[in-house]
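Residue numbering for the sequence shown follows this note's numbering, starting at -1 and increasing by one per position. Structure, as structure tokens:
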Amino acid sequence: MGTTGILLPIFWPTASDPNVVWKSLIANAENLVDAKIDEVMKNLAISKLNGLKSAMNKYKQAIERLKKEPTNPIEQEAVRTTYKNTDMIFLYSMPQFVVRNFEI
């Protein structure tokens, strides 16, 4: 089990509400700064986090296919490409969580 296998269930548990972790983190952040984060900003952040989850799932799927066929050059390239794409998605997305006056 790699990093994605560990992180996915922590950040996106298979509960009735898979966003429960993120909602809890946001609620705790609100308590720390004693300010409410606008509902639209919360929903936007959760939507972006779900996009990151999708990217991580694609990478995890590519890894799982490669484990079944470790010598298959197509699967090897798929892992490389998916890793690069996922990395770029994270690099692009992370600054979007720092919106002035709505930091999460």
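Note that beta-carbon positions come from the ideal geometry of N, C-alpha and C, so glycine has one too.
Per DSSP, the continuous alpha helix (DSSP H) segment holding Val77 begins and ends at 71 to 91. Taking the C-beta atoms as reference points, Glu73 is found nearer than 7 Å to Leu64.
From the listed residues Ala60, Lys58, Trp20, the smallest Cα separation to Lys46 is found for Trp20.
For Trp20, the secondary structure class from DSSP, reduced to helix, strand or coil, is helix.
Excluding the 5 residues flanking it on each side, Lys51 has same chain C-beta neighbours closer than 6 Å at Trp10, in chain order. Sequence-distant Cβ neighbours of Lys58 in its own chain, meaning closer than 6 Å and more than five residues away, are Thr2. Per DSSP, reduced to three states, the secondary structure at Glu67 is coil, with no helix or strand assignment. Ala43 has its alpha-carbon roughly 18 Å from the corresponding atom of Asn55.
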